[in-house]
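One structure below.
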Amino acid sequence: MKERLNNIEHDPLVVEKEEWKKRQLKSRLKQLLTISSPIFILILWEFLSRTGLVDARFFPPPTEIVGTFITMGTSGELFEHIGISLFRIMAGFLLGVIPAIILGLLMGLYSPLRHFFSPLIMALMPIPTLALLPIILILFGIGEVSKIVTIAGSVFFPVIINTVAGVTTIDRIYLDVARNYGANSRQFFFKIALPGALPVMIEGIQMGQAIALLTIVAAEMMGANSGIGYLIWTSYNAFLLKEMYVGLVLISFFGYLFSLILRGCQNKLLPWR
1 MKERLNNIEH DPLVVEKEEW KKRQLKSRLK QLLTISSPIF ILILWEFLSR
51 TGLVDARFFP PPTEIVGTFI TMGTSGELFE HIGISLFRIM AGFLLGVIPA
101 IILGLLMGLY SPLRHFFSPL IMALMPIPTL ALLPIILILF GIGEVSKIVT
151 IAGSVFFPVI INTVAGVTTI DRIYLDVARN YGANSRQFFF KIALPGALPV
201 MIEGIQMGQA IALLTIVAAE MMGANSGIGY LIWTSYNAFL LKEMYVGLVL
251 ISFFGYLFSL ILRGCQNKLL PWR
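Position one of the sequence shown corresponds to residue 1 (full-length UniProt numbering), numbered consecutively onward.
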């Protein structure tokens with residue numbers, strides 16, 4: 001009987017099953033910790049505001065902010081601002097990311113292009129895109145195009161820099177093998193450079209989406225009559241702080257949502273990471 005128990009304990013299937021259970025338990029604990037931190041902050045905020053330990057005029061209870069969110073959503077006002085901001089974010093994001101990936105891959109593959117464009121990128125990158133907003137307004141007017149271009153400009157630089165870095169860190173042996181087998185420029189671009197740069201490129205895109213959210217809020221505060229940034233700014237000026245917090249929560253939510261989407265894409269495209 002004892003020998004049989006020992007055999008069961010050393011059975012690879014039994015051991016693997018126990019390890020799987022441990023991994024599942026750790027995964028659930030991590031998920032619980034991830035959820036518990038924001039819930040803890042909200043409960044603490046509610047308590048401090050309700051008990052008067054913080055001024056409820058400046059920090060209204062989260063339950064009242066939820067009520068304001070429902071009221072604004074029911075009236076349709078909120079979803080109008082959300083739709084406009086999401087359109088601007090997505091259009092500007094794509095307008096910045098696609099050229100940045102293409103140019104970044106070409107710069108990584110061909111050193112003459114890299115040496116030609118690098119000084120321009122390094123010179124322009126430190127300039128905040130919002131500082132260029134007056135020039136953008138002169139060139140594109142005060143309509144939607146200027147806001148989209150502003151977002152595209154802020155997204156472009158982190159993506160192109162990470163893409164170039166991703167290509168230049170590809171092991172030279174892959175490039176040599178491709179040359180030896182007579183790979184053409186198109187095959188180099190899509191079979192070597194793009195997959196090789198993808199891990200670092202996605203990190204740049206992740207940074208780009210966060211910057212896009214920051215930029216849209218600032219751009220809508222400075223020159224718009226709609227959008228989440230406009231909602232935040234006008235609510236602050238009118239001292240409607242519950243409405244202001246609704247806008248802040250929306251920006252935070254979309255930042256988290258976009259991050260989850262990109263991480264999901266990363267897991268699909270790079271399952272080995």
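Virtual Cβ for every residue (Gly too), placed ideally from N, Cα, C.
Quick one: what does DSSP say residue i is sitting in, helix, strand or coil?
i	result
residue 200	helix
residue 52	coil
residue 239	coil
residue 5	Caution is warranted here: a pLDDT of 46 is assigned to residue 5, below 50, making its placement in the model unreliable, and no coordinate value can be reported.
residue 171	coil
residue 224	coil
residue 114	helix
residue 278	Here the chain has residues from 1 to 273 only, and residue 278 is not among them.
residue 142	coil
residue 87	helix
residue 38	helix
residue 186	helix
residue 57	coil
residue 256	helix
Closest to residue i by CA distance: which of the options is it?
i	options	result
residue 269	209, 43 and 199	199
residue 291	182, 46 and 131	Look at the range of the chain in this structure, 1 to 273, and you will see that residue 291 is not part of it.
residue 118	160, 137 and 148	160
residue 65	127, 45, 51 and 52	45
residue 72	247, 157 and 93	247
residue 57	267, 258, 253 and 241	241
residue 157	135, 122, 142 and 188	122
residue 252	52, 25, 171 and 216	216
residue 153	42, 126 and 141	126
residue 225	81, 17 and 60	81
residue 168	147, 135 and 109	109
For residue i, which residues in the same chain have their Cβ closer than 8 Å to its Cβ, ignoring the five residues on either side in sequence?
i	result
residue 255	209, 210 and 213
residue 5	Low confidence applies here, because residue 5 scores a pLDDT of 46, under 50, leaving its location unreliable; read the following figure in that light. For residue 5, where only same-chain residues beyond five positions count, there are no Cβ hits under 8 Å.
residue 2	Only weak support exists for where residue 2 lies, its pLDDT of 49 falling under 50; the value from the coordinates is given anyway. So the list is empty, once near-sequence residues are dropped.
Can the beta-carbon of residue i be found closer than 9 Å to that of residue j?
i	j	result
residue 149	residue 100	no
residue 231	residue 244	yes
residue 262	residue 202	yes
residue 85	residue 229	yes
residue 144	residue 186	no
residue 62	residue 78	no
residue 188	residue 175	yes
residue 219	residue 133	yes
residue 173	residue 192	no
residue 147	residue 96	no
Going by beta carbon distance, what residues of the same chain come within less than 7 Å of residue i, once the five residues before and after it are set aside?
i	result
residue 113	106 and 107
residue 68	242, 243 and 246
residue 204	158, 159, 161, 162 and 163
residue 258	209
Which residues in the same chain as residue i place their Cβ atom closer than 6 Å to its Cβ, once the five residues preceding and following it in sequence are excluded?
i	result
residue 54	48
residue 233	221
residue 166	197, 200 and 201
For residue i, decide whether its Cβ has a neighbour in chain B, counting only Cβ atoms nearer than 9 Å.
i	result
residue 70	Of the chains in the structure shown, none is chain B; there is only one protein chain.
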